[in-house]
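Per UniProt numbering, residue 1 is the first one in the sequence shown, and the count goes up by one each step. Beta carbons are placed, not taken as given, at the ideal position from N, Cα and C, and that holds for glycine. Note that the structure is predicted; figures quoted are calculated from it, not measured. Report on the following structure.
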Amino acid sequence: MAFAGGGDSEQLAESVAGHAGAPKNQPKNQIVKPSAPVYAGSRFSSSSNLLSPRASKRDSPNDGLAMLSGISLLRVPNALRLLALPITLILSLAAATASAAAPSAVQRPISVDTENGKLYGTLLMPRSDKPVPVVLIVAGSGPTDRDGNNPEGGRNDSMKRLAVILASNNIASVRYDKRGVAASKAVTPDERNLSVERYVADVQLWARALKANPRLGQLILLGHSEGALVATLAAEKVGAAALISVAGTGRPVDQVLREQFQERLPPDLLQRSDQLLDELKAGKTDDNVPAELEVVFRPSVQPYLISLFRQDPAAAFGALHIPALIVQGRNDIQVGVGDALLLQKAKPDAQLALIDGMNHVLRIVPDDLQQQLLSYRNPTQPLASEVTERILSFIKALPHPEKRSDAR
1 MAFAGGGDSE QLAESVAGHA GAPKNQPKNQ IVKPSAPVYA GSRFSSSSNL LSPRASKRDS
61 PNDGLAMLSG ISLLRVPNAL RLLALPITLI LSLAAATASA AAPSAVQRPI SVDTENGKLY
121 GTLLMPRSDK PVPVVLIVAG SGPTDRDGNN PEGGRNDSMK RLAVILASNN IASVRYDKRG
181 VAASKAVTPD ERNLSVERYV ADVQLWARAL KANPRLGQLI LLGHSEGALV ATLAAEKVGA
241 AALISVAGTG RPVDQVLREQ FQERLPPDLL QRSDQLLDEL KAGKTDDNVP AELEVVFRPS
301 VQPYLISLFR QDPAAAFGAL HIPALIVQGR NDIQVGVGDA LLLQKAKPDA QLALIDGMNH
361 VLRIVPDDLQ QQLLSYRNPT QPLASEVTER ILSFIKALPH PEKRSDAR
């Protein structure tokens, strides 16, 4: 597994490199400075009408670096140039000082070995003389990649932007492509072989590798959407210092799907979907799936759904004995505030951040379906400022034990 390194002479990049491709196209080491630049489907197509999301606001100051502008000397009278020159010099020095003060970070491709091949990810490591906390980011459902992008739903770079903001605050992160997705597709090319338990085991592999690196301090798991469930199930196993659940459901997923279908399906398909959900909940597969429901219940995804439906997110969350933060947007059209409240009820000592105006991809968006969908395909829109503020303050307030326990 490769980790950040490199000398001070490396070229500063203005933004993080593009999202994951094949392993051979992994980017070389980069020094990175922050730049401005679905239920989230399980493994369902977000383009399906059946699963389309149902029908105070500040841009994040952390998403970009403040820029100081100089003073043009064109058309300035000679008598004023003596004044303009020192002002320009002062502004230039201020800009240089601001740039030097902004923590830079090294981005490198990394991987861990599984029984079937390598999982690929990205390490974003701040430059520091002492160990820094590291956040292992577990992406959401379906073919969502390390950056939070889903080829069926669009590119929004939510997890990539979050990683850059963490790095600018002296916090390392690893985000990775799940097995069967993007650069890690070869590990499990057939979705019949996917399960929640395999995803949890993969988190354990990443955690073990990160804990072996002396340059990294406390390990925090951050899961988004379905990744919140996976992170919750893995947290105690890996000896994580803390857990951050972002837009995670508090109910078994079959209940979430029943609710969504109730709002969208005609009576005949609703009845059949209930039957399929009952069978899968009981651990039974059923190949007799209407064409209109195949996007959700196709036979190849049913083994994964069985593993997913047997999980109780609130019960798993309540069993944690580590600090936890629950983050939920009030304008999330896929996971509701009620789910966040269920998680907090299960673990009353968890911190709860309900963010006004924030949607499922961590943007401030009106409660309008069209604008919501557009935000899923807009990588340039800044993250909600409050989400980054709450995550950063939570991490920085964690106790710092002298020695970490090893991942099991």
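In terms of alpha-carbon separation, which member of the options lies closest to residue i?
i	options	result
residue 175	388, 168 and 223	223
residue 140	236, 247 and 106	247
residue 287	281, 277, 298 and 278	298
residue 333	263, 347, 307 and 389	263
residue 129	171, 294, 338 and 281	171
residue 205	120, 289 and 241	120
residue 410	353, 257, 177 and 311	This structure cannot settle anything about residue 410, because the visible part of the chain is limited to 1 through 408.
residue 237	203, 315 and 270	203
residue 388	290, 398, 253 and 165	165
residue 282	303, 371 and 226	303
residue 259	148, 338 and 307	338
residue 245	368, 367, 113 and 231	231
residue 398	291, 241, 151 and 142	241
residue 209	161, 113 and 291	113
residue 328	386, 292 and 293	386
Are the Cβ atoms of residue i and residue j separated by less than 8 Å?
i	j	result
residue 159	residue 179	no
residue 323	residue 229	no
residue 394	residue 325	yes
residue 138	residue 173	no
residue 217	residue 133	yes
residue 250	residue 316	no
residue 309	residue 348	no
residue 270	residue 289	no
residue 311	residue 196	yes
Taking DSSP's pairing of strands, which residues face residue i in a bridge?
i	result
residue 358	364
residue 113	118
residue 155	Answer is none; residue 155 lacks a bridge partner.
residue 328	354
residue 174	123 and 136
residue 346	Its beta-bridge partners do not exist; DSSP assigns none.
residue 150	154
residue 333	Note: residue 333 sits in no beta bridge, so no partner.
residue 224	246
residue 412	Absent from the model: residue 412. The displayed extent of the chain is 1 to 408, so no value can be given.
Looking at the C-beta of residue i, does it have a partner C-beta in chain D at a distance below 8 Å?
i	result
residue 292	In the structure shown, chain D cannot be found, because there is only a single protein chain.
Looking at the ligand GDP, does it come within less than 7 Å of residue i, judged from the CB to the closest heavy atom?
i	result
residue 288	Looking at this structure, you won't find the ligand GDP or any other ligand, since it has none at all.
Excluding the 5 residues preceding and the 5 following residue i in the sequence, name in chain order all residues of the same chain whose CB lies nearer than 6 Å to its CB.
i	result
residue 350	324, 326 and 344
residue 124	105, 107, 163, 167 and 173
residue 127	104
residue 186	117
residue 279	286
residue 306	280 and 283
residue 177	20, 120, 145, 146, 183 and 184
residue 226	140 and 141
residue 254	277, 281 and 309
residue 390	353
Quick one: residues in its chain with C-beta nearer than 8 Å to the C-beta of residue i, no 5 flanking neighbours on either side, listed in chain order?
i	result
residue 188	116, 179, 180, 194 and 198
residue 375	156, 359, 361, 363, 365 and 381
residue 416	The question about residue 416 has no answer, for the chain in this structure spans 1 to 408.
residue 346	250, 314, 315, 317 and 318
residue 200	230, 233, 234 and 237
residue 293	50, 269, 272, 273 and 276
Within its chain, find whatever has a CB closer than 7 Å to the CB of residue i; leave out the 5 residues flanking it on each side and keep chain order.
i	result
residue 235	221, 243, 320 and 322
residue 336	none
residue 392	169
residue 378	156
residue 143	150, 151, 152 and 181
residue 261	270 and 273
TODO: Within the segment 236-324, note down every full alpha helix (DSSP H) run reaching 4 residues or more, in order along the chain.
DONE: Runs of the alpha helix (DSSP H) inside the segment 236-324: 253-264, 267-281, 294-297, 302-309 and 313-318.
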